[in-house]
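Structure, as structure tokens:
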Ligand SMILES: [Zn+2]
Ligand SMILES: [Zn+2]
């Protein structure tokens, strides 16, 4: 059974020259997080609400970045 994955592979070599994990939060600018799980790896996201770039990715049990339009403080 495949593991549940919340992220997609980001294949835009103009932005990052590798198959990076990418969390689509609906934003338009990207930044790179460093997941400290095991051998650290980088992952991209485009949420405008991230406050730390050293966070576990959602696939390793980290919190999902806040998605545009789903802000919990706007309910
Ligand atoms: Zn982020
Ligand atoms: Zn990770």
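Numbering (the numbering used here), first residue to last: 62 to 136.
The beta-carbon is built from N, C-alpha and C at its ideal position, and this holds for glycine as well.
Verify the contact flag: residue i, CB atom, against every heavy atom of ligand 1, threshold strictly below 8 Å.
i           : result
residue 106 : yes
residue 94  : yes
residue 86  : yes
residue 133 : no
Of all the options the options, which has the alpha carbon lying nearest to the alpha carbon of residue i?
i           : options               : result
residue 134 : 114, 120, 110 and 122 : 110
residue 118 : 98, 88, 86 and 132    : 98
residue 106 : 100, 132, 115 and 93  : 93
residue 112 : 101, 126, 81 and 82   : 126
Taking 8 Å as the cut-off, does the CB of residue i come closer than this to any heavy atom belonging to ligand 2?
i           : result
residue 118 : yes
residue 114 : no
Classify residue i as helix, strand or coil using the three-state DSSP reduction.
i           : result
residue 135 : helix
residue 93  : strand
residue 66  : coil
Exercise. Curious, which full-length beta strand (DSSP E) runs of at least 3 residues does the stretch 100 to 128 contain?
Worked result: Assignment of beta strand (DSSP E) within the stretch 100 to 128, counting only whole runs of 3 or more residues, yields 102 to 106 in chain order.
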